[in-house]
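Undergrad:
Numbering (the numbering used here), first residue to last: 1 to 965.
(1) Alpha carbon to alpha carbon, how far is residue 504 from residue 533?
(2) Residue 189: buried (16+ other C-beta within 10 angstroms of its C-beta) or exposed?
(3) Got a sec? Which residues, its chain only, sit under 7 Å from residue 820 by beta carbon, not counting five neighbours each side?
(4) State the Cα-Cα distance for the pair residue 749 and residue 915, rounded to the nearest angstrom.
(5) Does the Cβ of residue 807 have 16 or more other Cβ atoms within 10 Å, making it buried, or fewer, making it exposed?
(6) Which residue's Cα is closest to the Cα of residue 290: 267, 330, 321, 303?
(7) Is the region 77 to 90 touching the region 26 to 36 in the sense that three or more CB pairs, one from each, lie closer than 8 Å?
(8) Identify which residue in 5, 323, 679, 445 has its Cα closest to the Cα of residue 62.
(9) Might you give, ordered along the chain, the residues of its own chain that have their beta carbon closer than 6 Å to the beta carbon of residue 26, omitting 5 neighbours on each side?
(10) Tell me whether residue 583 sits in a helix, a strand or coil according to DSSP, three-state version.
(11) If you follow the beta strand (DSSP E) that residue 19 is in, where does it begin and where does it stop?
(12) What residue does the alpha helix (DSSP H) around residue 61 start on, and which one ends it?
(13) Of all the options 241, 196, 772, which has the alpha carbon lying nearest to the alpha carbon of residue 801?
(14) Closer than 6 Å by C-beta to residue 666: which residues in its own chain qualify, once you throw out the five before and the five after it? Chain order, please.
(15) Which residue's Cα is closest to the Cα of residue 262: 273, 311, 306?
(16) Could you tell me which uninterrupted beta strand (DSSP E) segments, each at least 3 residues in length, are contained entirely in the region 347 to 422, listed from first to last along the chain?
(17) Rounded to whole angstroms, what's the CA-CA distance from residue 561 to residue 736? Just pull it up for me.
(18) Let me see if you follow: with CB-CB separation under 7 Å, is residue 145 close to chain C or not?
(19) Out of 452, 12, 656, which one is the CA nearest neighbour of residue 343?
(20) Where does the unbroken beta strand (DSSP E) through residue 336 begin, and where does it stop?
(21) Per the DSSP calculation, residue 578 is bridged to which residue(s)?
(22) Restricting to Cα atoms, I'd like to know which of 432, 418, 459, 785 is closest to residue 476.
(23) Is residue 836 helix, strand or coil by DSSP?
(24) Tell me, which residues are paired with residue 119 by DSSP?
(25) Going by the beta-carbon positions, is the gap between residue 960 and residue 917 smaller than 7 Å?
(26) Look at the alpha carbon of residue 254 and the alpha carbon of residue 281, and state the distance between them as a whole number of angstroms.
(27) Which two residues bound the contiguous alpha helix (DSSP H) that contains residue 459?
(28) Helix, strand or coil for residue 884 per DSSP?
(29) Please report the distance separating the alpha-carbon of residue 296 from that of residue 265.
(30) Taking only the alpha-carbon atoms, compute the straight-line gap between residue 74 and residue 362 and give it to the nearest angstrom.
(31) Of the choices 760, 798, 743, whose alpha-carbon is the least far from that of residue 727?
(32) What do you get for residue 754, buried or exposed, if any count of 16 or more other CB atoms within 10 angstroms of its CB means buried?
(33) Quick one: which unbroken beta strand (DSSP E) runs of 3-plus residues sit fully inside the region 585 to 641? Chain order, please.
(34) Whole angstroms are fine: how far does the CA of residue 645 sit from the CA of residue 708?
(35) Run the CB neighbour count on residue 760, radius 10 Å, all protein chains shown included, and call it buried at 16 or more, exposed below.
(36) Taking the alpha-carbon of residue 51 as reference, which of 827, 65, 72, 43 has the nearest alpha-carbon?
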């Protein structure tokens, strides 16, 4: 639950308690007339006469009595009747008046039970003070000022009202308060403070301070297991806890801004180490709850076994019942089972441990690692029970590691470990796996080291990498090989995700440690993630060098390969990322530069980075060298960088950006420096532009330059040929025309294998087929200015009509689309060439109706049928065929005639395709009716903008029945 939802819940319960309190007071108090002293003020007609004292009431009324007394004549705060408007239900009001009399001003808090509605009214010019008053353990004080007056109402359905003045009300209770703690778990505080503040321009806020908070959190059974006697009290410095509530940020802890806060408390027992004590606000069963938890480790007395507990504790409900004082209800204290329980066993030569914990998705994760001396066995499991939306899911990872040097395979290779992964109703999250590989943390999936110590990290990584997905199955073997006495280690897992669409993932890690893998001077780590999806098709490979170094010098960087076909074909090969101006294709991750840090320390640093990338229409590379030789802000800094881009389509061009500079610095300020930043573009013509600068002390000189030389090519580029020359033979080919069989048969006929083969080959045509015509020469419905990468006059190609027995206008026919390369048909800027996808979907043809087709003469076919029963009928039972099947065996007729009798009659009603209109986005008013468009892409309305009398900035292409009339 978030802080705002928790505040709404608590506020709702407090409103219900206030309504019950006011209802009881109104019933027990006499109805009085108006207060004469309110005449002539904003309280006239609203503030009623004063009551003698506060009568008995519910828990909220009695809490007011404890803090302010009986509200009798000796009290600075009095109880009045209240009617917020003529005819409104009767309520009550607490009134703070100036001791000098009503003329000095009043501050009123009126409560009407209908809602309830709270009215805050302060007379203009009032500056009221309630000096500290003490009633037993309670003390109260308040200040209220409103120069212009303050009249605001709060309640269900009323808009928020800004404060019209300043108010500060503080209540404090001293003395120890406990909930539980007698002979078991519980909490206690040394005192409570409540403050309500409001300032103009600032939302009203309420703060509740729990002073000297401490707790005993372990259930008795767990305390005895850890060797702790009694109620397991926690010790430590007093922990002030402050809860804050306001409309802007909800109800939360002031220290953290969230629903939990750490506590500086520890379990007080020998042999027990505790950590992570916390106080948390939760909600369960429609009521708020206060939970206290602690994580601890302890050795079990008399056993070679230690136990670890995570977030064991207690939970107390916060009650606002009319019969009980608002606060914690110790009678319903609930012990919280730990989120995690772990063990460590040390019985030489056997050692190991395990852990079971609750996962954030309300499932369970478990881990066990046992070293048997001759074999180390590890197992990790994730389990999530069904919740009504997802079925039961689990993931199991098993691994067996052999002691050094492993099982020898020859040629210096050894089998170090084997394992496998199985998941049901789980899938592989490629993004999460890419994050693990990019961070160099693939080992939580591949034979993790120190598994028990890193149990939380391993379980969390597996949960994010393999989330719940109904109907998906994961299965994959794992293996780890080493060479040269573990100098080279190769781990790999081949994970298959089934059923269709199936995909395979390769997760691996290559680790080289020289000269000794235990203390390497050179450590090269390559984490690998590969993905193959035949259904797309797609091949993807990501390699990360994170976690590598050479003699203490960090080496980083990533390599990436993507080959994708299908609807979004793409080719990307990159080492270290892309040109700064290049827009990465969809789902291509951001890559880290190839980097080497030459940083011996003590103020000296040298970093080198580089990248190289190849895409479908460009090659790019670059790098940068940075020098930082400073001590205490004094020294020299320098840099040299290069970014080069070569574009091959539609014409060859390149752009090289060079930047370099050096500066002398003293105490963090630049004393002198020189820098150059320029770009060279070409060829024919050449263009160089940039900035050079020189700086000495307070003297700075900058020189901008922009130089062009050379001339465009003497021979203009050859114009492209007329698209009709390529379009005519394309449409003449049989592959451009196809008869599509219906998705489902509307008759009872079943075709033989031979008939299906002829239908697929086009030798025969199904009588219910539709004709589709499509080509890949030019995109339809959009203006083109290039053809075959050469300039042509601007033109737009469309299909006007199709004659298939009868003439059919193409405007009302469904359109077909194909993938086209933008650079072949459109003039693209350099930035567009970098950012545009390699292929875009454009209209390429239409699907025609079969109206007017003449069916050929019938011919005899083998239209026999077979009869079978499931389950088989008794031999004595016999059923006649229904319908006209019996007549088929009596009356003669050709096969074509019988086929015609069995065809479903043509429908009496036909649904015609909706026409399209162009409408304004904001009002849906029609701008163009019955628009004729062939283009089936999302950019179709752009082709219509030129037909408008006044071009619109925001248009929508809608079916005609959707537009406003």
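Glycine residues also receive a C-beta, built at the ideal position from the N, C-alpha and C atoms. Keep in mind it's a predicted model, so treat the numbers as computed, not measured.
TA: Reading it off the structure:
(1) For residue 504 and residue 533, the distance between alpha carbons rounds to 7 Å.
(2) That one is buried.
(3) Around residue 820: 779, 839, 840, 842.
(4) Spanning the two alpha carbons is a distance of roughly 35 Å.
(5) By the neighbour-count criterion, in which a residue is buried when 16 or more other Cβ atoms sit within 10 angstroms of its Cβ, residue 807 is exposed.
(6) Of the candidates 267, 330, 321, 303, 330 places its Cα closest to the Cα of residue 290.
(7) The region 26 to 36 is in contact with the region 77 to 90.
(8) Of the candidates 5, 323, 679, 445, 323 places its Cα closest to the Cα of residue 62.
(9) Hits under 6 Å: 90.
(10) DSSP places residue 583 in coil when its eight states are reduced to three.
(11) For residue 19, there is no enclosing beta strand (DSSP E); the residue is part of the alpha helix (DSSP H) that begins and ends at 3 to 28.
(12) Per DSSP, the unbroken alpha helix (DSSP H) holding residue 61 starts and ends at 59 to 68.
(13) Ranked by Cα distance from residue 801, the options 241, 196, 772 are led by 772.
(14) Closer than 6 Å at Cβ, skipping near neighbours: 634.
(15) With distances taken between Cα atoms, residue 262 lies closest to 311.
(16) If we require 3 residues or more, the beta strand (DSSP E) runs fully inside the region 347 to 422 come out as 350 to 358, 364 to 371, 376 to 384, 393 to 401, 407 to 410.
(17) CA-to-CA, the gap between residue 561 and residue 736 works out to about 34 Å.
(18) Note that chain C does not occur in the displayed structure, where there is just one protein chain.
(19) For residue 343, the nearest C-alpha among the options comes from 452.
(20) The continuous beta strand (DSSP E) containing residue 336 extends over residues 334 to 336.
(21) DSSP, once it has assigned bridges, lists no residue as partnering residue 578.
(22) Minimum Cα distance to residue 476 is reached at 418.
(23) Residue state, collapsed to three classes: coil.
(24) Per DSSP, 110, 153.
(25) For residue 960 and residue 917, yes; Cβs fall inside 7 Å.
(26) Cα-Cα distance, rounded: 12 Å.
(27) Start and end: 455 to 465.
(28) Residue placement at residue 884 is poorly supported in this model, since its pLDDT is 45, which falls under 50; the coordinates still yield a value, given next. When DSSP states are grouped into helix, strand and coil, residue 884 belongs to the coil group.
(29) Taking the CA atoms as reference points, residue 296 sits about 12 Å from residue 265.
(30) Residue 74 and residue 362 have their alpha carbons spaced roughly 57 Å apart.
(31) If we check each option's Cα against that of residue 727, 798 comes out closest.
(32) By the neighbour-count rule (16 or more Cβ atoms within 10 Å), residue 754 is not buried but exposed.
(33) Unbroken beta strand (DSSP E) runs of no fewer than 3 residues, entirely contained in the region 585 to 641, are found at 594 to 601, 604 to 615, 618 to 631, following chain order.
(34) Rounded to whole angstroms, residue 708 to residue 645 spans 19 Å at the Cα level.
(35) Exposed.
(36) Looking from the CA of residue 51, the closest CA among 827, 65, 72, 43 belongs to 72.
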